[in-house]
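Numbering (the numbering used here), first residue to last: 8 to 158. All remarks here apply to the structure that follows.
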């Protein structure tokens, strides 16, 4: 199990692979982000995007799943303290496959029990980066174990 002390600044990783299907894009958008360029193929063709695109929130949700499965699943993860600089530089289109690339940019002891790990994150689509962010992730420290007193 990885603890705060196991993360080093500059450490990089690339993981995950999810293909965003048309049906999933529309279903997510109908429930959470019902903009016509996410839900209606005909209206999306007439938009500046020239076709259906995934909601940025859907792309973020898929990214969260991939990070949970590959970065925090086997770790003493406490939770996220926030996300800095969330950006969507290019849209995700139906059939596009996304994967995640991370680089630890900062570590900081927060308390005797926990430490903060800031992770520069880029989500790659088939051709371009489609999401960028810097989540602030809190992990238990190894020396103290997983105590109940947290900051």
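No residue lacks a Cβ here, since even glycine has one placed at the ideal position from N, Cα and C.
DSSP-derived helix/strand/coil call for residue i
{"i": "residue 20", "result": "strand"}
{"i": "residue 111", "result": "strand"}
{"i": "residue 77", "result": "helix"}
{"i": "residue 13", "result": "helix"}
{"i": "residue 155", "result": "Bear in mind that a pLDDT of 45 at residue 155, under 50, signals an unreliable position, so the number given afterwards is only what the model happens to contain. Coil, per DSSP."}
{"i": "residue 125", "result": "strand"}
{"i": "residue 90", "result": "strand"}
{"i": "residue 28", "result": "coil"}
Within 8 Å, strictly: CB atoms of residue i and residue j
{"i": "residue 21", "j": "residue 92", "result": "no"}
{"i": "residue 14", "j": "residue 111", "result": "yes"}
{"i": "residue 132", "j": "residue 107", "result": "no"}
{"i": "residue 27", "j": "residue 101", "result": "yes"}
{"i": "residue 43", "j": "residue 51", "result": "yes"}
{"i": "residue 113", "j": "residue 16", "result": "yes"}
{"i": "residue 73", "j": "residue 139", "result": "no"}
Residues of its chain near residue i, where Cβ-Cβ distance is below 6 Å and the 5 sequence neighbours each way are ignored
{"i": "residue 65", "result": "35"}
{"i": "residue 45", "result": "36 and 62"}
{"i": "residue 48", "result": "59"}
{"i": "residue 18", "result": "111"}
Presumed contact (8 Å Cβ cut-off) between residue i and residue j, rounded CB distance
{"i": "residue 134", "j": "residue 11", "result": "Going by Cβ atoms, the distance from residue 134 to residue 11 rounds to 36 Å, so no, they are not a contact pair."}
{"i": "residue 89", "j": "residue 145", "result": "About 10 Å separates the two Cβ atoms, so there is no contact after all."}
{"i": "residue 81", "j": "residue 109", "result": "So it is not a contact: roughly 15 Å between Cβ atoms."}
Nonlocal neighbours in the same chain, by C-beta distance under 7 Å from residue i, ignoring five residues either side
{"i": "residue 157", "result": "In this prediction, residue 157 scores a pLDDT of 42, lower than 50, which makes its location untrustworthy; no coordinate-derived value is stated."}
{"i": "residue 116", "result": "122"}
Top-ranked residue by Cα proximity to residue i, from the options
{"i": "residue 9", "options": "124, 118, 30 and 95", "result": "124"}
{"i": "residue 94", "options": "126, 48, 136 and 100", "result": "136"}
{"i": "residue 130", "options": "115, 149 and 103", "result": "103"}
{"i": "residue 32", "options": "99, 126, 127 and 109", "result": "99"}
{"i": "residue 25", "options": "70, 127, 109 and 82", "result": "70"}
{"i": "residue 39", "options": "83, 68 and 87", "result": "68"}
Short CB-CB distance (under 8 Å) between residue i and chain D
{"i": "residue 86", "result": "The structure shown has no chain D; it contains just one protein chain."}
Own chain partners of residue i with C-beta closer than 8 Å, once the 5 adjacent residues on each side are dropped
{"i": "residue 77", "result": "20, 22, 23 and 107"}
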